[in-house]
Structures are given as C-alpha cells and as structure tokens.
Amino acid sequence: MKIPVLFPKIFDYPFTYESEIKETLEPGDFVKAPFGTSEITGVVWPYEQRTEKKFKIKKILKKINIEKLNSKMIDFINWFSKYNLVSLGMSLKMCLLNKQVVEKDYKDEFEKYKFNKFNNEFLLNDEQKKSLSFLRNVGDNYNVSVIEGVTGSGKTLVYFERIKDFINKDNQVLILLPEIALTNQFSKRYKDFFGTEPAVWHSGTSKKNKSIIWKGVTENKIKIVIGARSSLFLPFKKLGTIIVDEEHDVSYKQDEGISYNARDMAITRAFLEDIPINLVTSIPSVETYNNIVKKKYKVTKLKKRYKEASLPKIEIINLNSEVLKKESWIANKTIDKVNQYLEKGDQVLFFLNRRGYAPFVICKKCGYRFQCPNCDVNLNFHKNLNKLLCHHCGYKSILSRLCKDKKKCDFLFCGPGVERIFAELKKIFPNKKINIFSSDTLKKEEKINELLSKVESKQIDILVGTQLLSKGFHFPKLNCIVVVDGDFSSHGYDLRTAEKNIQLYYQLTGRAGREGNISTIYFQTYTPDDETLLNISKNNPNIFLEKELMLRKEKKLPPFYKLISLIISGKNEKLVINFSSILKSKLPKLKEVNVLGPVLAPITKLRNKYRCRILIKYPEKLFIQKYLSQSLNRIKITPGIKLEVDVDPINFS
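The letter at position 593 of the sequence shown is residue 619 when you use my numbering, and the numbering goes up by one with no holes.
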C-alpha cells in the first residue's frame, strides 16, 4: 500500500512509501521512515505527489505511538505554506520540536498546570460585564471579535472570564502575546486569576518545558498556553478559542527566516478550526479598523479605565521657547514639572526610543564617521560597554582612531540614547534611584523580573526606557511620563510610520495613572504643530484611523491593496542587481498588478550582503501567490544569491 509522507525539510511535497507494518496508517499519523542515509520523523499526508519518474519505493519503519495531527491542523499547514510561499516541509517543521515529536510520557509534569479552583475575587464592572455578555452572545463558532478599550480598562479580566467558559467545556485556549518580556508580569496576573501555573511558550522556554507543553497540548492535558508567535503552530487536540493580545503590535510579524504575521495566521487558524478569536487592543491596527468598519469583525468597547481612573493629561513643552544647556536634552520646564511628581512620591518615566549612549560618533577634526564594516549603518556608542555596536549584525569595536595629524581623533557624540539621558538625570537628581529599562540591559528573564519587582515595590524613582516599556506593563505608582524627543520625523520608506507612532505613544500614555492618581505625559518637541503629536494629544485614535484609511485607499495601499516583497541579497553587488532585473522579467504579468523595482534596499548592505528589493502590489481580492509560486519555482537561483519572500511586509529597510 502506497503512503505519502511529508518530512520537516525544505521539500514542497510528500514522498511516497510503502507500508508493511501491522498498524493502519491515516493522514496525520507520525511515522519513522528512511530518508537518504538516516531515519527521520514524518507525517502521513492526505495526498500523494504525482511524478513520471521511476524510483525505488522504500518502506515505513514504524508508526509513532502519539496523538496524530488532526485534519484542521493539516489544513492550516497547507494554507500557511501556500499563502506565505513557504515549502510544505518547512511549514510542518514549525509544528514540531527540532524536527522531532515527543514520545516520552510527562504525566506527572502536567499536574502543575491543572485547575483546582478559579479565583472569584475579581469583580467586573458594568462595562466589563456588558463586553463579556457580548462575547458570549456571538457564540463558540468562528467569528472575529475585537475587544477595544482604553489602556487600563480591564480588557484582560474580560477575556479571562470568557476563557473560563471554554475550560469548563474541556476545550483548550491559546493566548498570544507580542513580546517575551510581557509574559512574566502577565503570568503573575494569570496565576492570581486561574490559581495555577501558566504554560509559557517562547524562544526562551527550556527544551524540557517545551517538550512537556508540546506533549500536553497534543493530549489535551494542558488547557491554556501563553505564547509568543511560534506557539500558534502547537498541535492542540481540542482548541476552543484564540486570544491575540495587543493585536496592533508589529512584533507579531516575523521578519527573519520564515516571514509571517502571527495575528493574521491566528485568524486563519481560527477559521479552519471553526472557533472564535478575540483581538485585544487599545488602538486597532489600520487593517483591523478597516474590518470593523466593513462589519467583517465585531467589536465591543471599554471606554472607561478600571476603577474609574482617569487618562493622563497631555502637555506639550515647546523646545523653541526653552534654552537647553550644552549637551543637555531635558528642558528646565520639564525638570520643574517632574519635581512636582517626585515630591509627591510618584514614579517618573523618561522615554526615548534609542538604545545606547549616542546614535553615532564623528571626529570633530577630520569628520570621520564610525560606520559598521558589514552594514550600511552608523555604529551606536554604548557607554556601559565602552564599545561601538551595530544594532543589525552585532559587530563591536572599541572607540579609538588616529586622526590625519597622527593624534587621537576628537570625538563628537551626536544625539542622545537612553544611556546619555540616564547620565544627565543622575546629575539633575543625584539622590534619586534611577534605572534603565531597555533590551540591552534586560537580556535575561531574571533581570526583567528583578527590575519589575523593584518598580512595583517603589525601589526605583525614575525609569529611563525604550519602546519595550510601552508594552502592557502595569506600574502602580507611575504617574509622570516625559517623551524626551517628541519630533515624529517620518522615514520615507515606511508607509506605516504614522500608524506605528500613534500606537506606540497611545500605549505609552496608558502606563501612567493606572491606580486613579492624577497623571501627565509631557512631550518635548521642536514641532508642536506636528499632525501625529496633535492626534495623540486629542486622545481619540479613531480620528487618525479614519483619515489614514482614506489616505491608504486613495494611494492604493494596504489594506485595500496587498504587498509582497522579494529581497535579493548576495556578496557581489553587481550580481545582485543583475539577478534582480532577470527575476523581475520572469514574474507573472497580471492586470492591476504593479511590480515596483528592483531598487537597492534603504539599508543597502546588511551583514556583508548587498540587498535589492522588488515590491509587488496587487488588489486584496487576488490570490497572487498561486501565480507567483509557479514563476518562482521555474527560476534558477544564481550561485551566491539568496532570495527571500516576505508576504504582507511591515519592515521596508
């Protein structure tokens, strides 16, 4: 009997085997089979790859005695492969653990994830009860419901209560979070509510814990998983609902390796599983807002903060009217405002979305600018490390160079990063406890937990942080935020700059005043009339979203048109440019489809490779992948060239 088997490898089709084992094999069953010179794990696939070639058919060695992939998961793998132009085998690989399955019995390890008794001390207010009732009324079959609420309105409590409905019906739940850093504080809230340990899945989860969780979800022994993007590919036995928290967050987009948008893939998985999905946000992405307008998605809104806490006031500090000292970035007016909060015992956050000490360094005498030898970018100076660092490839260098007069260069540090603001604050507030909160200083999970604990127990007076701090952290005593650089200069190559800024700063305002105290966010700026800043200060993101939708429609941009980016890279710049031109000539020519480029990417050289981009723009109703995959399969890739496909790109650098 012929059996098609798909392997977690680069191939886009299953291989044909014979079976002489006593067990009956069905689609989704895991098997061991010979492949080349080794024996590897594969999955019995529902269809066979037809070929005219004559070849010797090998025999399946054994059936692996674990739960099989259900038909809905197989449908998801198939669809994911077609939509993202990723081979079937590589799509399957994402559902396994390092190309393997877990056969070991972890029965005792599942105990800590079992529910004993839910905590009933959390009481919903009238608005939250109304939202919960709305979610229950839309039912347990496929629908997309958006829980939209101002920051601090208690959206999490609403969907926690809704999750209980699914657990009581013996279903499983997946909660997606955009950042690993969020899982620690979120896990504490989860434990308080559900009275048990959460099963947490992300790149930092240990191999053993991943094995336990993988096995637990396949047997329906683990009911709830809190995870980053990759948890979407876990083979749940009885998935009942998916929650996508902070749905607007660009971190849901995977850029490196296999490119995909976890939020959009979660919606498709919910559709194929015929289960409801909740998108949770304080300000919807433009795509989600468009689907709400079109009544494709349902929406329930929480307009008040939990316990009636008021939103922070927004004040603009016009730096054109202030005199800043040399190498200073904090105005006297800002210091006076901050002092008022510190005197009350409140915490203050200084926000600057730039890591390190200075974004770039030049020599005052000869004008030499320190740049990365591997990438077309400036080196960022990190004073804590006393090194120049590339934020793209990780290249490090000491800050030392001889000038044209054979003497040492006279360095000029251009612009501030969080370390420089930290140094300035130490001089202004010498008696205050000040800490930096950024991905550089918080690389390890323990450090994040330690710092969060210090903030919550009021052992820190002033935080200096990057956008990591704008995510869903809860700081009870934080009532004053200073945005050091409120000038929203747009990068010409990023069509989502305005949207990202609105979302970032709207989220940031939500970190303040969460316990009901008076709070303010101050924007230092040289452009007080900037449209993005005025939109933020109105505290009504719908004004921006409506305007942005009109603009995108007029310019034929997402969500009305879709984009696919082809990135061609290689060490030889001329070869990259030549291959890009050949590639464009072989792409399908379809009505209403625009092929833009090839052009050199904004960051032309990255990790020692030159990069070209081709951008394909097409109407949203056209499934261009069908035609594009045929063309790409026929193209012979020149040696020394790498071709990457990014469907629905978010990053255009």
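A virtual CB, placed ideally from N, CA and C, is assigned to each residue, including glycine.
Since we're looking at a predicted model, the values are computed, not measured.
Distance, Asp300 Cα to Ile507 Cα: Looking up residue 507 in the sequence shown gives position 481. Looking up residue 300 in the sequence shown gives position 274. Rounded to whole angstroms, Ile507 to Asp300 spans 43 Å at the Cα level.
Range covered by the alpha helix (DSSP H) that runs through Glu646: As a first step, residue 646 must be located in the sequence shown, where it is residue number 620. Counting along the chain, Glu646 falls outside any alpha helix (DSSP H), and DSSP gives it neither H nor E.
Reduced DSSP secondary structure (H/G/I, E/B, other) of Pro567: Against the sequence shown, residue 567 aligns to sequence position 541. Under the three-state reduction of DSSP output, Pro567 falls in the helix class.
Close-in-space but distant-in-sequence residues of the same chain around Asp556 (CB under 6 Å, 5 per side omitted): Walking along the sequence shown from the start, residue 556 turns up at place 530. Excluding residues within five positions, the ones whose Cβ falls inside 6 Å are Phe514.
Trp71 Cβ short of 7 Å to the ligand SAH heavy atom set: With respect to small molecules bound, the structure shown includes none, and the ligand SAH cannot be examined in it.
Proximity of Tyr644 and Glu618 at Cβ, strictly below 8 Å: Sequence index remark: in the sequence shown, residue 644 carries index 618 (1-based). Sequence index remark: in the sequence shown, residue 618 carries index 592 (1-based). Yes, the pair counts as a contact, with Cβ atoms nearer than the cut-off.
Given Phe407 as reference, the closest of Lys390, Tyr383 and Lys391 once Cα atoms are compared: Along the sequence shown, read from residue 1 onward, the residue named residue 407 stands at position 381. The alpha carbon of Phe407 has as its nearest neighbour, out of Lys390, Tyr383 and Lys391, the alpha carbon of Tyr383.
Same chain, Cβ closer than 6 Å to Lys458, neighbours up to 5 away in sequence not counted: Here the question's residue 458 lines up with position 432 in the sequence shown. Cβ-Cβ distances below 6 Å link Lys458 to Asp487 and Ile488 in the same chain, with the five nearest sequence neighbours on each side left out; the list follows chain order.
Strand pairing of Thr67, partner residues [DSSP]: Here the question's residue 67 lines up with position 41 in the sequence shown. Thr67 pairs with Lys58.
Sheet register partners of Asp672 (DSSP bridge): On the sequence shown, residue 672 is found 646 positions in, with the first residue counted as 1. Partner(s): Ser591.
For Asn412 and Gln211, the rounded distance between their alpha carbons: Residue mapping note: residue 211 aligns to position 185 of the sequence shown, counting from 1. Residue mapping note: residue 412 aligns to position 386 of the sequence shown, counting from 1. Cα to Cα, the separation comes out at about 32 Å.
Start-to-end residues for the alpha helix (DSSP H) that takes in Phe192: Within the sequence shown, numbered from 1, the residue matching residue 192 stands at position 166. For Phe192, the enclosing alpha helix (DSSP H) starts and ends at Lys181 to Asn194.
Delimiting residues of the alpha helix (DSSP H) encompassing Val306: Mapped onto the sequence shown, residue 306 falls at position 280. It is not in any alpha helix (DSSP H) - Val306 instead sits in the beta strand (DSSP E) that spans Pro302 to Thr307.
Through-space distance from Ser113 to Ser64, alpha-carbon basis: The residue you call residue 64 lines up with position 38 of the sequence shown. The residue you call residue 113 lines up with position 87 of the sequence shown. Spanning the two alpha carbons is a distance of roughly 21 Å.
Assumed close pair Arg395, Phe386 - CB separation to whole angstroms, cut-off 8 Å: Your numbering for residue 395 matches position 369 in the sequence shown. Your numbering for residue 386 matches position 360 in the sequence shown. Cβ atoms of Arg395 and Phe386 come within 8 Å of each other, at about 6 Å.
Three-state class that DSSP yields for Asn346 in the structure shown: If you number the sequence shown from 1, residue 346 lands on position 320. If DSSP states are grouped into helix, strand and coil, Asn346 belongs with the helices.
Coarse secondary structure for Ala335, derived from DSSP in three states: In the sequence shown, counting from the first residue as 1, residue 335 sits at position 309. Residue state, collapsed to three classes: coil.
Member of Ile629, Ile239, Lys484 and Ile642 whose CA lies at the smallest distance from the CA of Asp134: Residue numbering aside, residue 134 sits at position 108 when the sequence shown is read from its first letter. Of Ile629, Ile239, Lys484 and Ile642, the residue nearest in Cα terms is Ile239.
From Asn287, Glu313, Leu298 and Tyr323, residue whose alpha carbon lies closest to that of Asn304: Along the sequence shown, read from residue 1 onward, the residue named residue 304 stands at position 278. Shortest Cα-Cα distance from Asn304 to any of Asn287, Glu313, Leu298 and Tyr323 involves Tyr323.
Contacts around Gly180, its chain only, beta-carbon distance under 6 Å, and the 5 residues preceding and following it disregarded: Here the question's residue 180 lines up with position 154 in the sequence shown. Contacts found: Gln154 and Tyr332.
Proximity of Leu51 and Val69 at Cβ, strictly below 8 Å: Numbered from its first residue, the sequence shown carries residue 51 at position 25. Numbered from its first residue, the sequence shown carries residue 69 at position 43. Cβ atoms of Leu51 and Val69: not closer than 8 Å.
C-beta atoms of Ser257 and Leu345 nearer than 8 Å: As a working note, residue 257 is residue 231 in the sequence shown. As a working note, residue 345 is residue 319 in the sequence shown. Cβ atoms of Ser257 and Leu345: not closer than 8 Å.
Touch test, the region 88-105 against the region 113-129, Cβ-Cβ under 8 Å, three pairs minimum: Contact between the region 88-105 and the region 113-129 is present: three or more C-beta pairs spanning the two stretches fall below 8 Å.
Endpoints, alpha helix (DSSP H) assigned at Val444: For the purposes of this step, residue 444 is taken as residue 418 along the sequence shown, with counting starting at 1. Run containing Val444: Val444 to Ile454, per the alpha helix (DSSP H) assignment.
Sequence ranges, beta strand (DSSP E) only - wholly within the region 262-334, length at least 3: With a minimum length of 3 residues, the unbroken runs of beta strand (DSSP E) contained wholly in the region 262-334 fall at 265-271, 302-307 and 324-328.
Nearest-angstrom beta carbon gap, Val509 and Glu455 [assumed within contact, 8 Å]: To locate residue 455, count along the sequence shown from 1; it is residue 429. To locate residue 509, count along the sequence shown from 1; it is residue 483. It should be pointed out that residue 455 corresponds to Phe in this sequence rather than to Glu. About 18 Å; that fails the 8 Å criterion.
Rounded distance between the beta-carbons of Val270 and Ala292, thought under 8 Å: As a working mapping, residue 292 is identified with position 266 in the sequence shown. As a working mapping, residue 270 is identified with position 244 in the sequence shown. So it is a contact: roughly 5 Å between Cβ atoms.
Cutoff 6 Å; reference Leu250; Cβ partners in own chain excluding five residues on either side: In the sequence shown, residue 250 corresponds to position 224, counting from 1. Residue 250 is actually Ile in this sequence, not Leu. Closer than 6 Å at the Cβ level, and outside the excluded window around Ile250, lie Val199.
Residue of Phe186, Tyr73 and Leu589 minimising C-alpha distance to Asn146: Taking the first residue of the sequence shown as position 1, residue 146 is located at position 120. Answer by Cα proximity: Phe186.
Backbone secondary structure at Ile250 - three-state DSSP: The count along the sequence shown starts at 1 and reaches residue 250 at position 224. The answer is strand: DSSP assigns Ile250 an E or B state.
Distance between Glu572 and Ile687 (C-alpha atoms, nearest Å): Limits of the chain in this structure are 27 at one end and 679 at the other, which puts residue 687 out of reach.
Rounded separation between Asn169 and Glu646 - CA only: By 1-based counting over the sequence shown, the position of residue 169 is 143. By 1-based counting over the sequence shown, the position of residue 646 is 620. Computed Cα separation, rounded: 20 Å.
The region 610-617 in contact with the region 562-576 per 3-pair CB rule at 8 Å: The region 610-617 vs the region 562-576: no contact.
Close-in-space but distant-in-sequence residues of the same chain around Ile667 (CB under 6 Å, 5 per side omitted): Taking the first residue of the sequence shown as position 1, residue 667 is located at position 641. In the same chain as Ile667, and ignoring 5 residues on each side of it, the C-beta atoms closer than 6 Å to its own belong to Gly596 and Phe605, in chain order.
Leu122 - partner residues in DSSP beta bridges: Position 96 of the sequence shown, counted from the first residue, corresponds to residue 122. According to DSSP, Leu122 bridges with nothing at all.
Buried or exposed (CB count within 10 angstroms, at least 16 for buried), Thr680: Residue 680 cannot be examined here, being either before or after the span of the chain that is shown, 27 to 679.
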